[in-house]
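**Q**
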Amino acid sequence: MTRTPTTRPAGARRRMTLKEVERFITLLAAAHPNAESELDFVDDYTLLVAVALSAQATDVSVNRVTKGLFRDAPNPAAMVALGEEAVGEHIRSIGLWRTKARNVVALSQALLDQHDGQVPHDRAALEALPGVGRKTANVVMNVAFGDSTMAVDTHIFRIGNRTGLAPGKTTRAVEDQLVARIPAPMLRPAHHWLILHGRYVCKARRPDCWRCPATEPCQYTAKVLIAP
Ligand code: SF4
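Next comes the structure, spelled out in structure tokens:
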């Protein structure tokens with residue numbers, strides 16, 4: 001998942017119409033027919049831990065550290081037994097590793113104490129876990145439980161504002177617009193389509209509009225239509 005956005009990128013001529021929103025998402029879907037999370041995990045618990053570790057870090061860097069971490073601690077009891085110091089040794093190459101090590105052990109203990117070691121299918125219960133915010137809860141609900149949630153990371157926040165898909169000053173404003181404006185059957189996979197589009201095509205510094213499948217409905221005023 002990467003960073004939480006702090007500034008709102010400008011650039012959309014206007015907000016897309018609902019027809020344009022559907023067209024935009026349909027074109028992204030066609031470009032990423034098998035889109036799924038790029039984080040490595042084997043079950044709901046390892047998904048939750050991987051997503052919690054991915055704040056301020058790339059999925060590639062998280063996958064590098066979870067390989068060993070999940071080998072040594074594949075469930076909440078093993079993570080608690082491993083302890084904060086040893087968890088920290090596994091994850092010290094990613095950002096905020098001290099805080100994340102503390103949170104991963106604490107959330108594992110909370111799962112044991114309050115949820116029989118299971119990841120709860122409940123937003124409030126998820127957000128009550130140490131180190132788990134709305135974005136992490138949205139990803140877990142989407143990927144583990146198939147809910148139509150929209151986790152707004154830096155990529156989706158940028159796309160929402162830049163293209164006119166869902167302009168908003170805050171991640172929550174963008175999330176609410178996406179949930180309201182994307183056709184319901186497309187909402188759950190749209191999370192993955194948008195992240196991959198932002199990661200590889202509609203990039204932060206300079207979007208690759210020249211190879212974008214969705215230039216037509218996009219309302220960005222400064223499209224880069226010639227390859228560098
Ligand atoms: S890559 Fe360019 S054309 Fe495509 S969505 Fe982003 S800004 Fe719009």
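Going by full-length UniProt numbering, the first residue of the sequence shown is number 1, and it counts up by one from there.
No residue lacks a Cβ here, since even glycine has one placed at the ideal position from N, Cα and C.
Specify whether the segment 185-193 and the segment 27-35 touch according to this definition: at least 3 beta carbon pairs, one from each stretch, less than 8 angstroms apart.
**A** Yes, the segment 185-193 touches the segment 27-35.
**Q** Suppose the cutoff is 6 angstroms on Cβ atoms and the five residues either side in sequence are ignored; what does the same chain contact list for residue 246 look like?
**A** An answer regarding residue 246 cannot be provided, because it is not within the stretch 1 to 228 covered by the chain.
**Q** Thinking Leu27 and Pro207 are a contact (beta carbons under 8 angstroms), I'd like their distance in whole angstroms, please.
**A** Here residue 27 corresponds to residue number 27 of the sequence shown, with the count starting at 1. Here residue 207 corresponds to residue number 207 of the sequence shown, with the count starting at 1. That belief does not hold up - the Cβ atoms of Leu27 and Pro207 are roughly 15 angstroms apart, past 8 angstroms.
**Q** Answer yes or no: do Arg13 and Thr215 have a C-beta to C-beta separation smaller than 9 angstroms?
**A** Looking up residue 13 in the sequence shown gives position 13. Looking up residue 215 in the sequence shown gives position 215. Not in contact: Arg13 and Thr215 (Cβ atoms no closer than 9 angstroms).
**Q** Determine which residues share a DSSP beta bridge with Tyr220 and list them.
**A** Translated into positions along the sequence shown, residue 220 becomes position 220. Paired residues: Ala12.
**Q** Helix, strand or coil for Ala55, going by three-state DSSP, please let me know.
**A** For the purposes of this step, residue 55 is taken as residue 55 along the sequence shown, with counting starting at 1. In the structure shown, Ala55 sits in a strand (DSSP, three-state: E or B).
**Q** Can you determine whether any heavy atom of the ligand MN sits closer than 8 angstroms to the C-beta of Val201, and answer yes or no?
**A** Among the ligands modelled here, namely the ligand SF4, the ligand MN does not occur.
**Q** Which two residues bound the contiguous alpha helix (DSSP H) that contains Phe41?
**A** Here residue 41 refers to the residue found at position 41 of the sequence shown. Per DSSP, Phe41 belongs to no alpha helix (DSSP H) and is neither H nor E.
**Q** Flag this pair as touching only if the segment 125-134 and the segment 107-117 have three or more C-beta atom pairs under 8 angstroms; answer yes or no.
**A** Short answer: they touch.
**Q** Here's a check: name, in chain order, each residue in its chain whose Cβ is nearer than 6 angstroms to the Cβ of Lys223, leaving out the five neighbours to either side.
**A** Taking the sequence shown and counting its residues from 1, one reaches residue 223 at position 223. Taken in chain order, the residues that qualify are Cys209.
**Q** Where Val119 and Leu39 are concerned, what is the direct C-alpha to C-alpha distance, given to the nearest angstrom?
**A** As a working mapping, residue 119 is identified with position 119 in the sequence shown. As a working mapping, residue 39 is identified with position 39 in the sequence shown. Looking at the two C-alpha atoms, the distance is approximately 17 angstroms.
**Q** Using the three-state DSSP reduction, which class does Ala101 fall into: helix, strand or coil?
**A** Counting from 1 along the sequence shown, the entry for residue 101 is found at position 101. In the structure shown, Ala101 sits in a helix (DSSP, three-state: H, G or I).
**Q** Can you tell me whether Ser148 is helix, strand or coil according to DSSP?
**A** Residue 148 sits at position 148 when you count from the first residue of the sequence shown. Coil at Ser148, not helix or strand.
**Q** Give the DSSP-derived three-state secondary structure of Val21 in the structure shown.
**A** The count along the sequence shown starts at 1 and reaches residue 21 at position 21. Val21: helix per DSSP, three-state reduction.
**Q** Compute the beta-carbon to beta-carbon distance between residue 253 and Ile94, rounded to the nearest angstrom, for a pair I have assumed lies under 8 angstroms.
**A** With the chain running from 1 to 228 in the structure shown, residue 253 is simply not present.
**Q** Give the list of continuous beta strand (DSSP E) stretches no shorter than 3 residues that lie fully inside the UniProt domain "HhH-GPD" (53-200).
**A** Those beta strand (DSSP E) runs which fall completely within the UniProt domain "HhH-GPD" (53-200) and span 3+ residues do not exist here.
**Q** Which word fits Tyr200, buried or exposed, when buried means at least 16 other C-beta atoms lie within 10 angstroms of its C-beta?
**A** Within the sequence shown, the letter at position 200 stands for residue 200. By the 10 Å Cβ count, Tyr200 comes out exposed.
**Q** Return the chain-ordered list of same chain residues with a C-beta closer than 6 angstroms to the C-beta of Leu178, the five sequence neighbours on each side being excluded.
**A** Counted from its first residue, the sequence shown places residue 178 at position 178. The residues are Met150 and Ala166.
**Q** Using 10 angstroms around the beta-carbon of Gln219, count the other beta-carbons present and answer buried if the total reaches 16, otherwise exposed.
**A** By one-based count along the sequence shown, residue 219 stands at place 219. Flag for Gln219 reads buried.
**Q** Within a Cβ cutoff of 7 angstroms, which residues of the same chain sit near Val51, ignoring the five residues on either side of it in sequence?
**A** To locate residue 51, count along the sequence shown from 1; it is residue 51. Met1, Leu39, Thr136, Val139 and Val140.
**Q** What number of angstroms, rounded off, separates the C-alpha of Ala173 from the C-alpha of Phe157?
**A** In the sequence shown, the residue the question calls residue 173 occupies position 173. In the sequence shown, the residue the question calls residue 157 occupies position 157. Approximately 9 angstroms, taken between the alpha carbons.
**Q** Taking Ala144 as the reference, give the member of Asp176, Ala124, Asn103 and Val42 with the closest Cα.
**A** The residue given as residue 144 occupies position 144 in the sequence shown. Taking only the C-alpha atoms, the option nearest Ala144 is Val42.
**Q** According to DSSP, simplified to helix, strand and coil, what is Cys209?
**A** Position 209 of the sequence shown, counting from 1, holds the residue named residue 209. If DSSP states are grouped into helix, strand and coil, Cys209 belongs with the helices.
**Q** Can you tell me whether Thr26 is helix, strand or coil according to DSSP?
**A** Here residue 26 refers to the residue found at position 26 when the sequence shown is read from its first residue. If DSSP states are grouped into helix, strand and coil, Thr26 belongs with the helices.
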